Structure formats: structure tokens, C-alpha cells
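Some notes on the structure that comes next.
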Amino acid sequence: MNILYLNGSPRKHASATKKLADAFVAGMREAAPSSTVDEIVLYDKSIAACRGCFGCWHRTPGVCVIRDDMGDLLVSFRRADVIVWSMPLYYFGMPSKAKAFLDRLMPNNSPLFEERNGSIRHPQTYDAASQSHVLISTCGFQTTERNFEALALQFDLLCGERVSKVLCPVGGAFAAERPGRAARTRLDEVRVAGAMYAVPKSIPLNTERLLSTPVFDPDRYMAVVNRVAAIAKTPPGKERTPPSNRANAILEAFAARYCENLEPDDALAVECAFSDEPSRAVLLCEARTCTVRPAPDGRTQTRIEADVALWERIVSGETSITDALLDGTLRVWGDFEAVLRFEDLFEGVEV
Ligand SMILES: Cc1cc2nc3c(=O)[nH]c(=O)nc-3n(C[C@H](O)[C@H](O)[C@H](O)COP(=O)(O)O)c2cc1C
0 MNILYLNGSP
10 RKHASATKKL
20 ADAFVAGMRE
30 AAPSSTVDEI
40 VLYDKSIAAC
50 RGCFGCWHRT
60 PGVCVIRDDM
70 GDLLVSFRRA
80 DVIVWSMPLY
90 YFGMPSKAKA
100 FLDRLMPNNS
110 PLFEERNGSI
120 RHPQTYDAAS
130 QSHVLISTCG
140 FQTTERNFEA
150 LALQFDLLCG
160 ERVSKVLCPV
170 GGAFAAERPG
180 RAARTRLDEV
190 RVAGAMYAVP
200 KSIPLNTERL
210 LSTPVFDPDR
220 YMAVVNRVAA
230 IAKTPPGKER
240 TPPSNRANAI
250 LEAFAARYCE
260 NLEPDDALAV
270 ECAFSDEPSR
280 AVLLCEARTC
290 TVRPAPDGRT
300 QTRIEADVAL
310 WERIVSGETS
320 ITDALLDGTL
330 RVWGDFEAVL
340 RFEDLFEGVE
350 V
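Here the sequence shown is numbered in numbering that gives the first Met the number 0, starting from 0 and rising by one per residue.
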């Protein structure tokens, strides 16, 4: 099986969608080990916008007047058994380079009109009967509803029944350098879906639906994004949050990322201290909640101290407690294992 894997994210190798597409392709290869994969990063290619001249239909049938990387890509496209379209959702559609690529497929279509399954199309100029497509996409919002419909419909119209879709909301969960547990589970599910896809070249609708469920509770995720964004998005060099409530805002943002359900009789209390500010507070992680409590608190098992800027970088996912510990910028007193456990209770989220 020849797999043409198109990475349509401007973030190229840092793409969240790519993590899902990599998992899907890995699954396909597990089930069909002799498959070849041609991975194309569209944003590394020279693909000009279609000029709409119809030269590829009339003057030089099958050949575009523009000389760029699309000439070779058209050949790869025709040869592929499976085309994996990996792209983020942009304004309910696709990113511009992916659209430029799509428009430039025109030389692969003939000017004839053909009616199929109730819609009119231009038939392919090559035998595409056994070619199938997988659309893999992530988005920023926490839901697929009233978000992915236009992109999904565009692929339905383009590919008919030959398209399967993996549309995962909460792309930030996958973009994080160290995806949390929920995102890792979803990546495994996508890999299994890839293995299921390899032979019938389709995945069951209920699997598509399962993969579209958000990996975090949607309301909670919205709270995380809004709190973390308030801290992380202030221009560098400027105070990210007013000094008087910085420490509190940081710890509130941390608490909002809490993703674990501890056993009812289990709890973890970590005192967070700021080396350049007098404030300190305790994060108390319990069965379903994480709350910010005043310090000192009798239940505290461990104390972490870092300066405000480092805490902000930890909350916004630029570094981790463990990494900061290793490079000596963060200090810990008390139960060291509690620190490692503590970090695992919070989702990595890129916002
Ligand atoms: C220009 C632009 C438009 C976007 N439009 C949407 C959108 O309509 N809906 C949505 O949920 N997310 C939207 N997003 C968020 C991205 O889909 C999201 O960050 C995605 O996970 C990025 O994936 P990538 O890392 O593979 O590029 C948009 C992002 C950008 C930069």
C-alpha cells in the first residue's frame, strides 16, 4: 500500500495534528508492514495558488502552466493508494497551503461533468477507483459541533464514501510537549483506528464518533484556556499579571489543569512558594478537585519554591517542574516523590 501523507499544518513538525496522523499511519503500518509512506510537509513546498486559467484542461491537458513542486506532487497523488490529509482546522476550513494544494489538483480532473450519488463532479483522469482518503484534523475549541462541519462536508463532496475522518477537538492537548494521560490514551486509540483502517480502507462510524469526543471535560477545558491564556499571552518583557495577584493567578491556573481523579481517601497537598514574592499557597488535590488554600496547611507533604517567572513558564507549559528541578532553578523540600506524582496530576495543555 502506497501512503501519501500530507502534513498541511504551518507548524510543520510541531503540529498537533501530526501527532494524531503519525499515530494513525503507525497503526496502518502495523497492520500492513509492507506499506510505503511518502510524507510531504506542504509548507516546505513551493505551491503557488491556482490561476484559474483552465490551461490544464484546454491548452495543455493534464499539465499545469505553473512550474513548481506541484508537478511532482500530482504524480505522487495519482500513484497513492491512500492519501492521509493531516491539517488543523482554520476558520472552519483548511489552512491556505492545503487549499492551494487541493486547487492545484485540477490537472488530475477532466472538464467533463459527471453525476454521482446526487452531486456533480469532474471525474479523475486516472483510475482512482481504489484510492481512498483519510482526513485527520484537530482544532482549538473543545467541540467538533458547529466547528468541523464545513471541512468534513468538503471532503465528503470531494471523496464520496472513500473518506474516513479522525476529527479531534482540543488540539492543545496533543500539541503539548508532554501530552497528558488523556491525550496519550487518545493517541493510542487513533493508532488502533489506523490498524483497523489498513485492510477495509475505512473505519467504523462509531470509531470516528469516539475519536471526536473531547479528551477533557469541555467546560473545564474552557476554564483552563481562559485562565492560562490570561497569564501566558502578555508580551515578553511585560509583567504577565499584576504583581499583587500574580501568585494567586498562577496557582489558580495550575488548579484548573487538574485532570486526575484521586481515590476518595487519597489527597496530595503541595505548598507552592515564590522566591521573589512573599506569597505562598497550598494546592490541595483531592478526589475530583484541586483548590488553592492559604499556607501553612497541616496537610502539606512537600514544598516547591521557584520565582514567579518560572512558575509562569511551568503553568504555560514552556517547562516542567521536573526539568526546572534538574537544572537547579526550582527547589523542593519534603516528600520528593510527591512532586513527581503532583506533576502527573495536571494535563499538559498548549494554549
Ligand atoms: C488562523 C487560525 C484559524 C483557526 N480556526 C479555528 C477554528 O475555526 N476552530 C477551532 O476550533 N480552532 C481553530 N484554530 C485553532 C487550530 O485549529 C488549533 O490550534 C490546531 O490544534 C492547530 O493544529 P496544528 O498544530 O496541527 O497546526 C485556528 C487557528 C488558526 C491559527
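Every residue, glycine too, gets a C-beta built ideally from N, C-alpha and C.
As the structure is a computational prediction, the values presented were derived from the model and not from experiment.
- Check the Cα spacing between Lys11 and each of Val81, Met86, Ala246 and Asp71: the tightest is with Met86.
- In this structure, Gly54 and Val64 form a Cβ contact; the two beta carbons are roughly 4 Å apart against a cut-off of 8 Å.
- His132 has Ile82 and Val162 as its beta-bridge partners, per DSSP.
- In this structure, DSSP gives Trp332 an extended state, which the three-state scheme calls strand.
- Here DSSP, grouped into helix, strand and coil, assigns Asn6 to strand.
- A distance criterion of 6 Å places the beta-carbon of Ala280 beyond contact range of ligand 1, judged by its closest non-hydrogen atom.
- The Cβ atoms of Thr142 and Pro168 lie closer than 7 Å to each other.
- Tyr4 and Ala20 do touch by the CB rule: their CB atoms are close to 7 Å apart, below 8 Å.
- Of the residues assessed, Pro94 falls on the buried side of the cut-off, its CB having 16 or more other CB atoms within 10 angstroms.
- In this chain, Glu262 is not harboured by any beta strand (DSSP E), its DSSP state being neither H nor E.
- Below 8 Å, enough C-beta pairs join the segment 185-199 and the segment 23-41 to call them touching: three or more.
- Less than 7 Å separates the beta-carbon of Arg185 from that of Val214.
- Residue Ile82 holds the alpha-carbon nearest to the alpha-carbon of Gly7 among Glu251, Ile82, Ser109 and Val74.
- At least one heavy atom of ligand 1 lies closer than 6 Å to the C-beta of Asn146.
- Under DSSP, the beta-bridge partners assigned to Asp37 are Leu3.
- As the crow flies, the alpha-carbon of Leu134 is around 46 Å from that of Ala272.
- Under DSSP, Asn108 forms a beta bridge with Gln123.
- Shortest gap from the CB of Pro87 to any heavy atom of ligand 1: under 6 Å.
- Taking the CA atoms as reference points, Ala128 sits about 26 Å from Arg208.
- Assignment of Leu267 by DSSP, reduced to helix, strand and coil, places it in the strand class.
- In the three-state DSSP reduction, Ile303 falls in the strand class (E or B).
- By the neighbour-count criterion, in which a residue is buried when 16 or more other Cβ atoms sit within 10 angstroms of its Cβ, Ile119 is exposed.
- Measuring C-alpha to C-alpha distances from Leu250 to each of Asp265, Met221, Leu157 and Leu282 identifies Leu282 as the nearest.
- The beta carbon of Thr328 lies closer than 7 Å to those of Ala305 and Leu309 in the same chain, with the five residues before and after it left out.
- Only residues of its own chain outside the window of five on either side were considered, and among them Arg302 have a CB closer than 6 Å to the CB of Trp332, listed in chain order.
- Note on Tyr90: under 16 other CB atoms within 10 angstroms of its CB, so exposed under the neighbour-count rule.
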